[in-house]
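Residue numbers (UniProt numbering): 1 to 350.
What follows is the structure, given as structure tokens:
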């Protein structure tokens, strides 16, 4: 197991180069996950940068190793199963192989039967040297009579066993994200996104991967990787994850950033916006988050709103016009009752 980062500061700097401003807690936990070779379980509200963290770590690994790191993403959803997460067999390709082998066997059998028939005909055409012998009752014909043309050969069972083994090889294996991440030879970040949306049974599939970084395929055996991927699991806490899975991970909770950090994020993502207006944007977003809304605005929506203001020709005076704000609240809030409640509390309808 090889660590890729030299220190917590190294992590923070490399994440910043990737456009991700990490808090001390985030930088420290990422460093420890890399140093200890442990998966990182990240929980928090939607839109606070959990998925973006995995993308930024991928860029950071590229800078730290000098190799192009690969981001392998498993997007979880209700009903996802082993065939979509781990691997499955290419049944269509297996069927084609069986069909081709059957056709080849039939062709070979037909050729043998034709050859035997020709030999028997030649034997019948010659006079029998034995007095009183029945024409055509030669040794060849007698042998053929005990094994009629077209009957299964004695090696048929052996051929089927060989074919059954042949179609369960790596050539017929369809690798899915978990197996692909393990088999990668380059630096890899495995993102298991929104695990809380998947059924609880999926967590059982992950235990072997997260504990030993290997996958067992019954027909092939155990497949182990040459190097461990950096694993990031994200959850919006829609349901509780199992204790067995949590034990195998380092835990990180990402909440909405402080106003100062969010202002830096907006300035980084939207460099054309005046600093005074950025401060006003962040201040208003934090007011919205303190309201009893169905869905508070995320960091991503704060950035989107800043870009919206530029598109609307914001002058950078720091004053947010009430009419303009009322017209584009849908950039920040995605439920009509939230928009109406915010408009009332912010007195935008006055």
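Even for Gly, the Cβ is constructed at its ideal location relative to N, Cα and C.
**Report entry** Residue environment, residue 276, which counts as buried when at least 16 other CB atoms sit within 10 Å
**Finding:** Position 276 of the chain shown, counted from the start, is the residue given in the question as residue 276. Residue 276 should be labelled exposed.
Report task. Would you decide whether residue 262 is buried or exposed? Buried here means 16 or more other CB atoms lie within 10 Å of its CB. Result -> Along the chain shown, read from residue 1 onward, the residue named residue 262 stands at position 262. Classification of residue 262: buried, given that the 10 Å Cβ count is 16 or more.
Query raised in the report: Would DSSP call residue 240 helix, strand or coil?
Result: On the chain shown, residue 240 is found 240 positions in, with the first residue counted as 1. Residue 240: coil per DSSP, three-state reduction.
Requested in this report: Starting from the N-terminal side, write out each stretch of the alpha helix (DSSP H) that is 4 residues or longer and does not extend beyond the stretch 246 to 330.
Outcome: Within the stretch 246 to 330, the runs of alpha helix (DSSP H) at least 4 residues long that lie entirely inside it are, in chain order, 259 to 269, 275 to 289, 299 to 311, 322 to 327.
Query raised in the report: What do you reckon, are the CB atoms on residue 229 and residue 85 nearer than 9 Å?
Result: Along the chain shown, read from residue 1 onward, the residue named residue 229 stands at position 229. Along the chain shown, read from residue 1 onward, the residue named residue 85 stands at position 85. Not closer than 9 Å, so no.
**Report entry** Exposed unless 16 or more other CB atoms sit within 10 angstroms - verdict on residue 50
**Finding:** Along the chain shown, one-based indexing puts residue 50 at 50. So residue 50 counts as buried.
Query raised in the report: Skipping 5 residues on each side, what residues in its chain have a beta carbon closer than 8 Å to that of residue 78?
Result: Here residue 78 refers to the residue found at position 78 of the chain shown. If we look at residue 78 and ignore the five residues flanking it on each side, its Cβ neighbours are 197, 198, 199.
Query raised in the report: If we ignore side chains and look at the alpha-carbon of each, how far apart do residue 336 and residue 342 end up?
Result: Residue numbering aside, residue 336 sits at position 336 when the chain shown is read from its first letter. Residue numbering aside, residue 342 sits at position 342 when the chain shown is read from its first letter. Cα to Cα, residue 336 sits roughly 10 Å from residue 342.
Query raised in the report: Thinking C-beta only, is residue 168 closer than 9 Å to residue 93?
Result: Within the chain shown, residue 93 is the residue found at index 93, counting from 1. Within the chain shown, residue 168 is the residue found at index 168, counting from 1. No.
Requested in this report: Go through the stretch 169 to 200 residue by residue and report every complete run of the beta strand (DSSP E) that reaches 3 residues or more, in order.
Outcome: Correct list: 173 to 175, 188 to 193.
Query raised in the report: In angstroms, rounded to a whole number, what distance separates the CA positions of residue 27 and residue 72?
Result: Indexing the chain shown from 1 puts residue 27 at position 27. Indexing the chain shown from 1 puts residue 72 at position 72. Residue 27 and residue 72: Cα-Cα distance of roughly 21 Å.
Report task. Could you spell out the range, first to last residue, of the beta strand (DSSP E) harbouring residue 216? Result -> Residue numbering aside, residue 216 sits at position 216 when the chain shown is read from its first letter. Its beta strand (DSSP E) spans residues 214 to 217.
Query raised in the report: Going by other Cβ atoms of all chains shown within 10 Å of its Cβ, with 16 needed for buried, is residue 306 buried or exposed?
Result: Position 306 of the chain shown, counting from 1, holds the residue named residue 306. So residue 306 ends up on the buried side.
Requested in this report: Return the CA-CA distance between residue 30 and residue 324, expressed in angstroms with no decimal places.
Outcome: Working through the chain shown from its first residue, we reach residue 30 at position 30. Working through the chain shown from its first residue, we reach residue 324 at position 324. The alpha-carbon atoms of residue 30 and residue 324 are separated by roughly 40 Å.
Report task. Report the partner residues of residue 74 according to the DSSP bridge assignment. Result -> Here residue 74 is taken as the residue at index 74 of the chain shown, counted from 1. DSSP, once it has assigned bridges, lists 192 as partnering residue 74.
**Report entry** Three-state secondary structure assigned by DSSP to residue 80
**Finding:** In the chain shown, the residue the question calls residue 80 occupies position 80. In the structure shown, residue 80 sits in coil (DSSP, three-state: anything other than H, G, I, E or B).
Query raised in the report: For residue 221, which residues does DSSP report across the bridge?
Result: Indexing the chain shown from 1 puts residue 221 at position 221. The partner list for residue 221 (beta bridge, DSSP) reads 217.
Query raised in the report: Contact between the stretch 54 to 64 and the stretch 179 to 194: three or more CB pairs below 8 Å?
Result: yes
**Report entry** DSSP-derived helix/strand/coil call for residue 31
**Finding:** Within the chain shown, numbered from 1, the residue matching residue 31 stands at position 31. In the structure shown, residue 31 sits in a helix (DSSP, three-state: H, G or I).
Report task. Just mark residue 338 as buried or exposed, buried being the case when its beta carbon has 16 or more other beta carbons within 10 Å. Result -> Counted from its first residue, the chain shown places residue 338 at position 338. Counting other Cβ atoms within 10 Å of its Cβ, residue 338 reaches 16 or more and is therefore classed as buried.
Query raised in the report: Touch check for the stretch 296 to 303 and the stretch 33 to 51: three-plus C-beta pairs under 8 Å?
Result: yes
Query - Distance between beta carbons of residue 24 and residue 3, contact taken as under 8 Å - result: As a working note, residue 3 is residue 3 in the chain shown. As a working note, residue 24 is residue 24 in the chain shown. Incorrect: roughly 19 Å between the Cβ atoms, too far for contact.
Query raised in the report: By a C-beta neighbour count over all protein chains shown, 10 Å radius and 16 as the cutoff for buried, is residue 204 buried or exposed?
Result: One-based indexing of the chain shown puts residue 204 at position 204. The residue is exposed, with fewer than 16 neighbouring Cβ atoms inside 10 Å.
Requested in this report: Specify the secondary structure class of residue 344 as computed by DSSP and reduced to three states.
Outcome: The count along the chain shown starts at 1 and reaches residue 344 at position 344. DSSP places residue 344 in helix when its eight states are reduced to three.
**Report entry** Local Cβ density within 10 Å of residue 244, reported as buried at 16 or more and exposed below that
**Finding:** Residue mapping note: residue 244 aligns to position 244 of the chain shown, counting from 1. When all chains shown are included, residue 244 counts as exposed.
Report task. Just the C-alpha distance for residue 303 and residue 220, rounded to the nearest angstrom, thanks. Result -> Mapped onto the chain shown, residue 303 falls at position 303. Mapped onto the chain shown, residue 220 falls at position 220. Computed Cα separation, rounded: 48 Å.
Requested in this report: Taking all protein chains shown into account, decide if residue 5 is buried (16 or more other Cβ within 10 angstroms of its Cβ) or exposed.
Outcome: By one-based count along the chain shown, residue 5 stands at place 5. Burial call: buried.
Query raised in the report: For the candidate residues 19, 8, 38, 15, whose alpha-carbon lies nearest to that of residue 247?
Result: Within the chain shown, residue 247 is the residue found at index 247, counting from 1. Of 19, 8, 38, 15, the residue nearest in Cα terms is 38.
Query raised in the report: Is residue 234 helix, strand or coil when you go by DSSP?
Result: The residue labelled residue 234 in the question sits at position 234 within the chain shown. Collapsing the DSSP output to three states places residue 234 in a strand.
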